[in-house]
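Line by line, the protein sequences are chains D and P. Take any residue in the first sequence, note its place counting from 1, add 168, and you have its number in our numbering. Take any residue in the second sequence, note its place counting from 1, add 19, and you have its number in our numbering. Read the structure below first, then the notes.
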Amino acid sequence: MSIVVAYSPDRFGQAALEHAAGLARKDRTRLVVVNATLGNSLVDDRFAHDADIAALQEELSAEGLEVVVRHDVVDDVADAVVAAADEEKAELIVVGIRHRTPVGKLLLGSVAQRIILDAHCPVLAVKPA
Amino acid sequence: MDLLLDGFQTALTPENLLFALIGVLLGTAVGVLPGIGPAMALALLLPVTYSVGVDSAIIMFAGIYYGGMYGGSTTSILLNTPGESSSVITAIEGNKMAKSGRAAQALATAAIGSFVAGTIGTVLLWILVPRVADVVVTLGAPSYFAVMVLAFFAVTMVLGSSKLRGFISLFLGLAIALVGTSTGQARLTFGNAQLADGIDVVVVAVGIFAIGEALWVAAHLRRKPLEIIPVGQPWMSRADWKRSWKPWLRGTAFGFPFGALPAGGAEVPTFLSYATEQKLSKHPEEFGKGAIEGVAGPEAANNASAAGTLLPLLTLGLPTTATASIMLVAVQSYGIQPGPQLLDSEPKLVWGLLASLVIANALLLVINLPMAPLWARLLQIPRPQLYAGILFFATLGAYTANFAAFDLLLLVVLGLLGLAMRRFGLPVLPLIVGVILGPAMELQLTQALQISQGDVSTLWSEPVAVVVYAVMGLMLLAMAVGVVRGKKSPVPATTEDAEELVNR
């Protein structure tokens, strides 16, 4: 069993990660951190730097958690999270959610919404404090 | 002096100020985005010339040209990805500075250095353009022919990593220029009536620059995003100023003459400036680890060379860079023939342009210094959307050239050629110079031979022509000696890196 968390290097991703790490600690399950990008723009704020991912992995492993990081260029971020959950036989997916206006959602879509609708396991939506 | 003041009068009209502003904004944007250079932007904007006055269009184009030189430094410093080839050297030291937390100082010295160099370069243009134009008017067709041969020779041999590739590209360009019936008999028309008028330069430029680049990017679409270094407001300390001002001036001294020579281009002077600063620096140990001199000098050099490029363009009608070639096409589309008579026949245009360059430079400093972090955000634009827009404007531009569907077919063919050239590392500049200067060179050759009634010796009957051929001979000799000694000159190595970096 494991917990999958959709991570991005901002406060939304941070909130999701903290919550997921807390659950993983309590249940002693594997934590799978997914940070993906479409890779079609030169710079993507929501794709963490390699150094940051390494630091994050080290920090969580130091607490004795079993951590797997999936840090990839993919065709679709939401699909990647759902696929990771399927492959890892996850019991839970944790996502950070942000407020989007209807127009913003129309233009940019919502990764969180896609994950919630497509996932084959329960999804926990977390908001930053 | 009166002429210059008149020029300011032209440049300061609200309409032209607006076009200068649009130009510098667009120029900075295309400079920031790797792969999209000022040459592509100008090619896409050529249809604008159908509806805008010639002074406004050329002021906007000059703004884009200068802006591209500013914008290129931003990506070099923050991403280690030069927006265009003349910023490659900036990336060496600039990115190291940024990584050690001095991104703000690197951006500041690049922007202020560009301003200083651009301003000095423009003032040099004010002084030199009338003087050179006076001399150039006395040249005959044989001298013109010689200078054009030199230009072909120089863009092919001096720049670029491989001379063979340069010549392949040049002859492709000359072959495209031959198509048509302008000389009376049909050449390379393959009996197709739609090729009888020749291939429109707009279609060639848009096909090679825009479609070729879009296809190239489409072939390399999904890439791991680059790690950008966050930056605040650019600023410099007193020590930074002290270390920057001499490299700015030396960079200008390298850049302007190289831009003005038919062998121009901005890559060589940036490299020379970097090497000089490395030698003269009081902190040689910092080079390779983020020395501010290594950003200040090359950035000044590339802007000064942009100014220098306008000297042969305005006096001889001779473009030495891809961007200048497209500016030439733009001027020609108004029925104005750039050349020695330009200053006499269109003083308002020339002086308006020269005055607007100072204004463009000041605008660029204002929009670049405080807004550098904002420009960096442009890099987040998803490429599919960006290139879809480029393809749209490319197709529109090619179609409006003649309103012929046949041109769209040509556009696709030339776009595939552009893709193949990028794939096999052929430089684009010799091709575009060949397409634009080919017919002009042929005209000068026929004129010279008509006047001499077919006597070929007329081609070396003028002193200027003899000097030009001698210079070419010396260049060939120097190259041959270099090959024999097996010594590889360092310049081609950098341009090779440049292509690799720019195409990344």
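Backbone N, C-alpha and C fix where the C-beta goes; we use that ideal spot for every residue, glycine too. Everything numeric in this text was worked out from a predicted model, so none of it was measured.
*Going along the region 237-268 of chain P in order, which residues come within less than 7 Å of chain D, judged by CB to CB distance?*
Hits within the stretch, in order: Leu240, Arg241, Arg242, Lys243, Pro244, Leu245, Glu246 and Ile247.
_According to DSSP, Asn203(D) sits in a beta bridge with which residue or residues?_
Its beta-bridge partners are His239(D).
*asked:* Quick check on the DSSP output: what are the complete beta strand (DSSP E) runs of length 3 or more inside the region 27-68 of chain P, in order along the chain?
replied: Within the region 27-68 of chain P, no beta strand (DSSP E) run of at least 3 residues lies entirely inside it.
*Can Val369(P) and Leu361(P) be called in contact, C-beta distance under 8 Å?*
A distance below 8 Å separates the beta carbons of Val369(P) and Leu361(P).
_the region 52-63 of chain P contacting the region 292-300 of chain P, beta-carbon criterion three pairs below 8 Å_ = At 8 Å Cβ cutoff, the stretches do not touch.
*Would you list the one or two residues that DSSP bridges to Val294(D)?*
The partner list for Val294(D) (beta bridge, DSSP) reads Gly264(D).
*If you check the beta carbons only, do Pro253(P) and Ala484(P) fall under 8 Å apart?*
The answer is no: Cβ separation not under 8 Å.
_Just to confirm the assignment, what range does the beta strand (DSSP E) spanning Val142(P) have?_
Counted as a single uninterrupted DSSP element, the stretch harbouring Val142(P) is not any beta strand (DSSP E) but the alpha helix (DSSP H) occupying residues Ala122 to Val156.
*Note down, in chain order, all residues in the region 387-410 of chain P with a beta-carbon under 7 Å from any beta-carbon belonging to chain D.*
Within the region 387-410 of chain P, Leu398, Gln399, Ile400, Pro401, Arg402 and Pro403 place their CB atoms closer than 7 Å to a CB of chain D, listed in sequence order.
*Take the Cβ of Thr141(P) as the centre, count every other Cβ of all protein chains shown within 10 Å, and call the residue buried at 16 or more, exposed below.*
Buried, since its Cβ has 16 or more Cβ neighbours within 10 Å.
*On the three-pair Cβ rule with 8 Å, is the region 338-347 of chain P touching the region 448-456 of chain P?*
Counting Cβ pairs under 8 Å, three or more are found: they touch.
*Under 8 Å between the Cβ atoms of Gly86(P) and Gly50(P)?*
Contact: yes.
*Please say whether Leu388(P) and Ile247(P) have beta carbons closer to each other than 8 Å?*
No, they are not a contact pair.
*Over the uninterrupted alpha helix (DSSP H) stretch that includes Ser229(D), give me the two end residues.*
Looking at the DSSP string, the run of the alpha helix (DSSP H) that includes Ser229(D) is Asp218 to Ala230.
*Excluding sequence positions up to five away, which residues of its chain have a Cβ less than 7 Å from the Cβ of Val510(P)?*
Summary for Val510(P): the model assigns pLDDT 46, below 50, so the residue's position carries little reliability, and this model does not support an answer.
_Sub-8 Å separation of Phe327(P) and Phe273(P) beta-carbons_ = Note that residue 327(P) is Gly in the sequence shown, not Phe. Remark: C-beta atoms of Gly327(P) and Phe273(P) do not approach each other more closely than 8 Å.
*Quick one: residues in its chain with C-beta nearer than 6 Å to the C-beta of Val245(D), no 5 flanking neighbours on either side, listed in chain order?*
Here the set comprises Ala204 and Val279.
*Select from the region 264-296 of chain D all residues with a C-beta closer than 8 Å to any C-beta belonging to chain P, and list them in chain order.*
So nothing in the stretch comes that close.
*Which chain P residues sit within Cβ distance under 7 Å of Gly207(D)?*
Chain P residues near Gly207(D): Arg241, Arg242, Lys243 and Pro244.
*asked:* Is there a Cβ of chain D sitting closer than 8 Å to that of Pro101(P), yes or no?
replied: Judged by the 8 Å Cβ criterion, Pro101(P) is not in contact with chain D.
_Let's test the definition: count the other Cβ atoms within 10 Å of the Cβ of Met59(P) and tell me whether it reaches 16, buried, or not, exposed._
Classification of Met59(P): buried, given that the 10 Å Cβ count is 16 or more.
*Could you check what DSSP says for Ile171(D) in three-state terms: helix, strand or coil?*
Ile171(D): strand per DSSP, three-state reduction.
*Run through DSSP, which three-state label would Ala285(P) get?*
In the structure shown, Ala285(P) adopts coil according to DSSP, grouped into three states.
*From what residue to what residue does the alpha helix (DSSP H) around Pro161(P) run?*
Its alpha helix (DSSP H) spans residues Ala160 to Met176.
_Neighbouring residues, chain P, relative to Phe180(D) (Cβ below 7 Å)_ = Proximity of chain P to Phe180(D) at the Cβ level (cut-off 7 Å) is not reached, the minimal Cβ distance being about 17 Å.
_I want to see whether chain P comes within less than 8 Å of His217(D), judged by CB atoms only; does it?_
Cβ-Cβ to chain P under 8 Å: yes for His217(D).
_Whole-Å CB distance - Ala253(D) paired with Leu228(D), under 8 Å assumed_ = That belief does not hold up - the Cβ atoms of Ala253(D) and Leu228(D) are roughly 18 Å apart, past 8 Å.
*Could you tell me which of Asp218(D), Arg179(D) and Ser170(D) sits nearest to Pro244(P), measuring between CA atoms?*
When each option's Cα is compared against that of Pro244(P), the closest is Asp218(D).
_So within the region 334-399 of chain P, which uninterrupted alpha helix (DSSP H) runs reach at least 4 residues, ignoring any that extend past its ends?_
The qualifying runs are 341-351, 361-364, 366-387 and 391-395.
_As assigned by DSSP and simplified to three states, the class of Arg196(D)_ = In this structure, Arg196(D) counts as coil in the three-state DSSP scheme.
_For Ala423(P), the three-state DSSP class (helix, strand or coil)_ = It is coil, neither helix nor strand.
*Look at the Cβ atom of Leu330(P), then the Cβ atom of Val148(P), and state whether they are nearer than 8 Å.*
Yes. Within cutoff.
_Contact set between the region 431-450 of chain P and chain D, restricted to residues whose Cβ is under 8 Å from the partner_ = Answer in chain order: no residues at all.
*Pro53(P) touches chain D at which residues, Cβ-Cβ below 8 Å?*
Going along chain D in sequence order, the residues near Pro53(P) (Cβ under 8 Å) are Leu210.
*Have a look at Phe164(P) and Gly437(P) and give me their C-alpha separation to the nearest angstrom.*
One Cα belongs to Phe164(P), the other to Gly437(P), and the distance between them is close to 28 Å.
*Mind pulling the chain P residues with CB within less than 9 Å of Val241(D)?*
Here the neighbours are Arg241, Arg242, Lys243 and Pro244.
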